[in-house]
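Here's the structure, in structure tokens; my notes come after.
2 protein chains.
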Amino acid sequence: MSDFRPDERLARDSDLLTKIGLCELRLMKDSRWPWLVLVPQRPDVSEIFDLTPLDQTMLTFETVLVSEALKTVTGATKINIGALGNIVRQLHVHIIARSEGDPNWPGPVWGYGTAEPRSADETKAFAAKLLDALAP
Amino acid sequence: MSDFRPDERLARDSDLLTKIGLCELRLMKDSRWPWLVLVPQRPDVSEIFDLTPLDQTMLTFETVLVSEALKTVTGATKINIGALGNIVRQLHVHIIARSEGDPNWPGPVWGYGTAEPRSADETKAFAAKLLDALAP
Numbered sequence: 001m002s003d004f005r006p007d008e009r010l011a012r013d014s015d016l017l018t019k020i021g022l023c024e025l026r027l028m029k030d031s032r033w034p035w036l037v038l039v040p041q042r043p044d045v046s047e048i049f050d051l052t053p054l055d056q057t058m059l060t061f062e063t064v065l066v067s068e069a070l071k072t073v074t075g076a077t078k079i080n081i082g083a084l085g086n087i088v089r090q091l092h093v094h095i096i097a098r099s100e101g102d103p104n105w106p107g108p109v110w111g112y113g114t115a116e117p118r119s120a121d122e123t124k125a126f127a128a129k130l131l132d133a134l135a136p
Numbered sequence: 001m002s003d004f005r006p007d008e009r010l011a012r013d014s015d016l017l018t019k020i021g022l023c024e025l026r027l028m029k030d031s032r033w034p035w036l037v038l039v040p041q042r043p044d045v046s047e048i049f050d051l052t053p054l055d056q057t058m059l060t061f062e063t064v065l066v067s068e069a070l071k072t073v074t075g076a077t078k079i080n081i082g083a084l085g086n087i088v089r090q091l092h093v094h095i096i097a098r099s100e101g102d103p104n105w106p107g108p109v110w111g112y113g114t115a116e117p118r119s120a121d122e123t124k125a126f127a128a129k130l131l132d133a134l135a136p
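Heads up: the sequence lines are chains A and B, in that order.
Residue numbering for the first sequence follows full-length UniProt numbering, starting at 1 and increasing by one per position.
Residue numbering for the second sequence follows full-length UniProt numbering, starting at 1 and increasing by one per position.
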């Protein structure tokens with residue numbers, strides 16, 4: 001874990017909420033959707049199959065944990081999960097709460113329009129709710 | 001598994017290549033990208049967190065297996081993995097081989113343009129190569 005650093009673009013476009021076992025949990029600076037990103041704290045990994053089998057299982061476990069918390073907090077119609085990495089090659093998993101009628105519904109969020117940042121207060125309030133739902 | 005049936009739209013838009021432990025492995029009828037779909041053979045599941053923990057791990061294992069085979073066969077720049085389900089609610093995981101300059105690169109494939117079907121021969125040839133790469 002010592003050589004891990006979040007990709008510069010990921011770090012610029014999102015706020016660190018917490019660290020779970022394997023991953024950094026980050027919130028995208030875009031209020032159009034509740035949009036989280038898990039970043040495994042491993043250097044030089046860009047595909048899920050680059051992770052060890054144990055880390056793959058950890059990533060699945062953390063993805064499920066965060067998806068359920070996000071569903072609870074937002075009441076979303078559908079959780080979208082994606083690992084694309086065509087632009088930022090460092091492995092990261094998007095977890096997005098989608099609801100009917102949201103921007104670009106039922107299409108994907110990636111590459112759509114322009115981010116609309118939250119205020120510091122909105123970010124804080126959302127983070128508090130989510131971390132509360134994640135707590136055991 | 002007895003109550004499982006692939007969603008009608010998934011069945012119409014893709015060809016069944018094989019069944020792995022948990023999932024049907026299907027090939028989208030769209031030659032613009034090498035585009036596979038894993039469908040867990042479980043009824044009434046739409047989110048990954050609806051699966052049992054064992055099935056979640058199986059799905060991860062099969063996703064990794066298929067991703068590696070697809071990378072081997074295509075030499076793609078990046079494998080894109082996604083579970084969206086905004087249109088088809090039955091849980092399914094997309095595994096897509098992306099290369100620089102392909103249609104909509106570096107954007108996502110979902111919702112982009114119109115599918116361009118393969119010929120039966122092309123489908124057969126691709127399936128044979130992929131199944132060969134999947135074989136132990």
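Just so you know, even glycine gets a beta-carbon here, dropped at the ideal spot from N, CA and C.
Taking the CA atoms as reference points, B:Thr63 sits about 10 Å from B:Ala69.
Contact between B:Leu22 and B:Pro40 is confirmed by a C-beta separation of about 5 Å, below the 8 Å threshold. For B:Arg26, the uninterrupted beta strand (DSSP E) run begins and ends at Cys23 to Met28, by DSSP. A distance of 9 Å or more separates the beta carbons of B:Ile96 and A:Ile81.
Taking 9 Å as the cut-off, the Cβ atoms of B:Ala115 and B:Met28 count as close. In the pairwise beta carbon analysis, the region 109 to 129 of chain A is classified as touching the region 103 to 117 of chain B: at least three pairs are separated by under 8 Å.
In the DSSP assignment, B:Asp121 falls outside any beta strand (DSSP E) and lies within the alpha helix (DSSP H) extending over Ala120 to Leu134. Beta-carbon to beta-carbon, B:Leu10 and B:Val88 are separated by about 6 Å, close enough to satisfy the 8 Å threshold.
Sequence-distant Cβ neighbours of A:Ser31 in its own chain, meaning closer than 8 Å and more than five residues away, are Glu116, Pro117, Arg118 and Glu122. Proximity of B:Leu84 to chain A, defined by a Cβ-Cβ separation below 9 Å, is satisfied. Partner residues in the beta bridge of A:Ala97, as assigned by DSSP, are A:Ile79. With a cutoff of 9 Å on beta-carbon distance, A:Leu51 and A:Leu91 are scored as near each other.
A distance below 9 Å separates the beta carbons of A:Leu59 and A:Leu38.
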